[in-house]
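In the numbering used here, the protein residues as written are 309 to 491.
Below is one structure; the comments refer to it alone.
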């Protein structure tokens, strides 16, 4: 496995993008906290690092739904995607990533624009095993209750979700008995 974590404060975007061409076998990439990474940068990553299995874009404030479209189209081997605190991601972007059949772990912590419609998209991800919606304040109990369709779900994080009511937890435990639900 080839992996790297970039210290983005020290790397200028042009240098980083140039280095992408020399890393075609990279499987794990963490760009957490890279405030300079944009959708265009993610497009270059998706085009050049097609063997990625894990990508962490948490705390990247310039990432939008467009970046998720590039990821969904080009990173067919991606198994884990972390988008924590990518505050410009909406249900549209979640719709793009919901088409990724290889994805088994998805982290959307504190993605404040994700709503019930985005959760509905997630229900088509039959291979998802780990899902975090912690802090997604616009997701309601009705939206979260649809997650019972994810029969292979092993871990679901719902901390700081106003829609995660005691009734919802009971419903989820009843229909997903093998799933660890983190409240």
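Where is the CB? At the ideal position from N, CA and C, for every residue including glycine.
In this structure residue 427 is in contact with residue 455, their Cβ atoms being roughly 7 Å apart against a cut-off of 8 Å. Looking only at 335, 330, 365, 333, the smallest Cα-Cα distance to residue 344 is reached by 365. In the three-state reduction of the DSSP assignment, residue 409 falls in the coil class. Counting C-beta pairs with one atom in each stretch, the region 435–450 and the region 405–423 have three or more that are closer than 8 Å, which means they touch. In this chain, the beta strand (DSSP E) harbouring residue 363 covers 362–364. Each of 409, 442, 391 was checked against the Cα of residue 381, and the nearest Cα belongs to 409. DSSP places residue 379 in the uninterrupted alpha helix (DSSP H) bounded by 373–382. Residue 466 has its alpha-carbon roughly 6 Å from the corresponding atom of residue 490.
In summary, residue 482 is exposed, with fewer than 16 beta-carbon neighbours lying within 10 Å of its beta-carbon over all protein chains present. It is roughly 19 Å from the alpha-carbon of residue 452 to the alpha-carbon of residue 393. For residue 389, there is no enclosing alpha helix (DSSP H); the enclosing beta strand (DSSP E) covers residues 388–390. Nearest C-alpha to residue 356 among 416, 432, 327: 327. Inter-residue distance for residue 470 and residue 476 is about 11 Å (C-alpha atoms, whole angstroms).
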